[in-house]
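Structure, as structure tokens:
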Amino acid sequence: MGQNTTSKIKKTLLILFFVFTSFIVLFPFYVMFISGFKPASELFSNGLNVSMALDTLTIENYIYLFTEGKEYFRWYFNSIIITIITTIGSVILSSFAGYALAIYKFKGRNLIFGLVIFLLLVPVDILMLPLYKVMIFLGLVDTYSGVILPFIVTPFVIFFFRQYAIGLPKEIIESARIDGCTEFGCYARIMAPMMLPAFGAMSIIQAMNSWNNFLWPLIVLRSNESMTLPIGLASLISPYGNNYGMLLTGSTLTVIPILIVFLFFQRYFVSGITVGGVKG
Amino acid sequence: MKPQETTAQMTQIKKMTKGNPIKKMIFSQKLAPFFFLTPFFLVFLIFFLYPIFELFRMSFQNILIGQTEWVGLANYKQMMNSHFYTAVKNTLIYTFWIIVILIPIPMALATLLNSKYLPFKNFFKSALFIPSLVSVIVGGVFFGLMFGDTEKDFINSLLVQIGFSPQQWKLGAATGMFLMVSLNCWRILGINVIYFLAGLQSIPNSLYEAADIDGANAVQKFFRITVPMLKPVTLFVLIISIFGGLRMFEESYVFWKNGSPNDIGLTIVGYVYQQAFDYNAMGLGAAVSVVLLLLALIIGMFQLKYFGAFKED
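Line by line, the protein sequences give chains A and B.
Every letter in the first sequence is one number past the one before it in full-length UniProt numbering, and letter 232, counting from 1, is 232.
Every letter in the second sequence is one number past the one before it in full-length UniProt numbering, and letter 135, counting from 1, is 135.
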């Protein structure tokens, strides 16, 4: 009985424990995947169980989705457009603000930074009613702009960029200025490339938030054609289960793109969420 | 930076911008920050500051199409009804469970994940994190199916096998709460694990080495070193859990839309939505939002006091 045996036991126990935990946590994905290949009639009469009779598996749900699911692909399209514009717009515009707060010394800087922190504390959900009135006034109800604009500058992203840019060497800007670089040129050509990891982390966080955003689009988007995926899928949920086929396959296809992005950019996800508040 | 250089730079810029006001503007270090901050100011004014004023105003009004009348505190008085109390109660119970589950368990998981004996760390970390990529709606669809009412539905079939009776998950207050809490825990667990893992990295190894010399076992080290040293992260997770709990809406919407039996799924935000968009009572919805806003601010101030985002530099 040496040190070696003890550590081997520890290792085995830990692996077993995490295999078990991962299994439980990932189990709903298995359910999601498998149920899309079950005939809708079976789901309706037998409920959702995890038995997998290979001979009954069918791709009829997917065929149905791709042939009859015109509205579903409309929602998919809406979600992609809204996610792309929100992500690019909010990351760039918020990086402007965060950069300015980190690099320049000007009157009111601390006040504005305090304001950004304050905004972090007020969830948009609380302002949904007056925001809806603003959208009516601006004629933006049921439009992409209506969903996007309130999120086009995001306090959290400003905060992130401010923290990131404050650690960058400012001397480079000074020498660039002497070489005749404009202030915007300093940002675009010198500092922005140095902030690429921040752009990466924030793009992924913003894309994920926008792709999954629910309450605000639910309020602003009134017609079926303008819905995003979560809103459209939610509209398919009914107690009678008559939309099962489309709901299951449609939900599965929603998860796939974000899963792929995650597998490629894992470390950005982690750095993006940890900066939120945990100061090292 | 030496002073001569600055002067050299100034004369250089002066030379370049001589007599051209537009050029002067784009080289101006005084104007630049305001240029960069303009989008933020615009969004702040239109989509934050004005809505806040409007929210307070709306809460004193009765808003109907085409006509609006001032009703003083009537909305606030009307707020005192049993539906609202149920919504508050549900929100608080939900928040309570989120805190009780989503702090100790992720902390323990992170500590185990951090163990030097564990291989494939990144794989397990990713596995725990992946559910958070899924929207509440999609997650809820599958939770709703797994927790179906018949004996054949997955969870009920498990219960029957171990000798319990099948449950009507979406009809009872306790089981309904269980559904909402477990859906949220499934999604958020991995995120909190990552917060705690980040916190663990900042604990100096020497503390554990010293404890080893004193002959402390793993459990003692966890409670005497890890838990106290993780206090800042724990506070942070506590605050975001409270925020998440207060604004809860989707976890209920995905199971019942806005019509749960006996209000078992009604939350404060759900109540705002229901009043404003289902019953056309914008004023009442606004009054409830004001209360929620004040609550969020109180918690936020607490957060600032203990974390001091201002203390940063």
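Backbone N, C-alpha and C define an ideal beta-carbon position, used for all residues, glycine too.
These figures come from a predicted structure and were not determined experimentally.
Quiz prompt | Amino acids of chain B, ordered along the chain, whose beta-carbon sits closer than 8 Å to that of Q206(A) | solution = Taking the first residue of the first sequence as position 1, residue 206(A) is located at position 206. What Q206(A) touches in chain B: nothing, since even the nearest Cβ is about 14 Å away.
Practice problem: Could you work out which residues of chain A lie near L55(B), taking near to mean beta carbons separated by less than 7 Å? | Solution: Counting from one through the second sequence, the residue named residue 55(B) turns up at place 55. Going along chain A in sequence order, the residues near L55(B) (Cβ under 7 Å) are L127, L129 and P130.
Self-check item: Alpha-carbon to alpha-carbon, T5(A) and M301(B)
Solution: What you label residue 301(B) is simply residue 301 of the second sequence in a count that begins at 1. What you label residue 5(A) is simply residue 5 of the first sequence in a count that begins at 1. Cα to Cα, M301(B) sits roughly 52 Å from T5(A).
Practice problem: With 8 Å as the threshold, decide whether the Cβ of E225(A) is near any Cβ in chain B. | Solution: As a working note, residue 225(A) is residue 225 in the first sequence. By this cut-off, E225(A) is not an interface position.
Self-check item: Residues near V124(A) by beta carbon distance below 7 Å, same chain, minus five either side
Solution: As a working mapping, residue 124(A) is identified with position 124 in the first sequence. Result list for V124(A): P150 and W216, in chain order.
Quiz item: Going along the chain, which residues of the region 207-234 of chain B sit with their C-beta nearer than 8 Å to a C-beta in chain A?
Solution: P232 and V233
Quiz prompt | is_contact[Y164(A), chain B] using C-beta, thresh 8 Å | solution = Here residue 164(A) is taken as the residue at index 164 of the first sequence, counted from 1. No, because no Cβ of chain B sits closer than 8 Å to the Cβ of Y164(A).
Exercise. Give me the Cβ distance between V255(A) and V269(B), rounded to the nearest whole Å; I'm assuming they're in contact under 8 Å.
Key: Numbered from its first residue, the first sequence carries residue 255(A) at position 255. Numbered from its first residue, the second sequence carries residue 269(B) at position 269. 25 Å between Cβ atoms; not a contact.
Practice problem: Quick one: list the residues of chain A neighbouring V73(B), beta-carbon separation under 9 Å, in chain order. | Solution: Residue 73(B) sits at position 73 when you count from the first residue of the second sequence. The identity of residue 73(B) in the sequence shown is Leu, whereas the question assumes Val. Neighbours of L73(B) on chain A: none; closest Cβ ~18 Å, over 9 Å.
Exercise. With a 10 Å radius around its C-beta and 16 neighbouring C-beta atoms as the bar for buried, classify K125(B) as buried or exposed.
Key: For the purposes of this step, residue 125(B) is taken as the residue at position 125 of the second sequence. By the 10 Å Cβ count, K125(B) comes out buried.
Quiz item: Okay, do the region 94-109 of chain B and the region 225-245 of chain B touch, 3+ Cβ pairs below 8 Å being the bar?
Solution: yes
Quiz item: Does any residue of chain B bring its CB to less than 8 Å from the CB of F73(A)?
Solution: The residue given as residue 73(A) occupies position 73 in the first sequence. So no, F73(A) is outside the interface.
Exercise. Assign W97(B) to one of three DSSP states: helix, strand, or coil.
Key: As a working mapping, residue 97(B) is identified with position 97 in the second sequence. If DSSP states are grouped into helix, strand and coil, W97(B) belongs with the helices.
Quiz item: In chain B, what lies closer than 9 Å to V122(A) by C-beta?
Solution: Position 122 of the first sequence, counted from the first residue, corresponds to residue 122(A). Within chain B, the residues near V122(A) are F48, I52, L293, A296, L297 and G300.
Quiz item: Within 10 angstroms of its Cβ, does residue 320(B) collect 16 or more other Cβ (buried), or is it exposed?
Solution: Residue 320(B) lies beyond the residue range present for chain B, which begins at 1 and ends at 313; the question has no answer from this structure.
Quiz item: Residues of chain B with CB under 7 Å from N212(A), in chain order?
Solution: By 1-based counting over the first sequence, the position of residue 212(A) is 212. Per Cβ cutoff of 7 Å: S135.
Self-check item: Residues from the region 165-183 of chain A in contact with chain B, defined by Cβ distance under 8 Å
Solution: I166, E171, E174, R177, I178, G180, T182 and E183
Quiz item: Which residue's Cα is closest to the Cα of F84(B): K30(B), I242(B) and Y271(B)?
Solution: If you number the second sequence from 1, residue 84(B) lands on position 84. F84(B) has its Cα closest to that of Y271(B), out of K30(B), I242(B) and Y271(B).
Quiz item: Short check: CB of M208(A) to CB of F160(A), under 8 Å?
Solution: In the first sequence, counting from the first residue as 1, residue 208(A) sits at position 208. In the first sequence, counting from the first residue as 1, residue 160(A) sits at position 160. The answer is no: Cβ separation not under 8 Å.
Exercise. Within the same chain, show all residues whose beta-carbon is closer than 8 Å to that of T111(B), passing over the 5 residues directly before and after it, in chain order.
Key: Here residue 111(B) is taken as the residue at index 111 of the second sequence, counted from 1. Once the five neighbours on either side are set aside, the close Cβ partners of T111(B) are F196, L200, F222 and T226.
Quiz item: Does the beta carbon of Y271(B) come closer than 8 Å to any beta carbon on chain A?
Solution: The residue given as residue 271(B) occupies position 271 in the second sequence. Chain A contact via Cβ: absent.
Practice problem: Could you list which residues in chain A have their beta carbon closer than 9 Å to that of I264(B), in chain order? | Solution: Locating residue 264(B) in the second sequence gives position 264, where the first residue counts as 1. The contacting residues do not exist; I264(B) stays about 15 Å from chain A at best.
Quiz item: Under a three-way DSSP split, which group does N258(B) fall into?
Solution: The sequence position of residue 258(B) within the second sequence is 258, counting from 1. Here N258(B) sits in coil by DSSP.
Quiz item: For F37(A) versus L14(A), is the C-beta distance shorter than 8 Å?
Solution: Locating residue 37(A) in the first sequence gives position 37, where the first residue counts as 1. Locating residue 14(A) in the first sequence gives position 14, where the first residue counts as 1. No; because the gap between Cβ atoms is not below 8 Å, this pair is not in contact.
Quiz item: If you measure beta-carbon to beta-carbon, which residues of the region 248-261 of chain B are closer than 8 Å to chain A?
Solution: F249, E250, Y253, V254 and K257
Self-check item: Neighbourhood of I85(A) by C-beta, 6 Å cutoff - its chain only, sequence neighbours within 5 removed
Solution: On the first sequence, position 85 is the one that residue 85(A) refers to. Result list for I85(A): I148, in chain order.
Quiz item: With a cut-off of 8 Å, does the C-beta of C76(A) fall near any C-beta of chain B?
Solution: For the purposes of this step, residue 76(A) is taken as the residue at position 76 of the first sequence. Checking the sequence, you will find Tyr at residue 76(A) rather than Cys. By this cut-off, Y76(A) is not an interface position.
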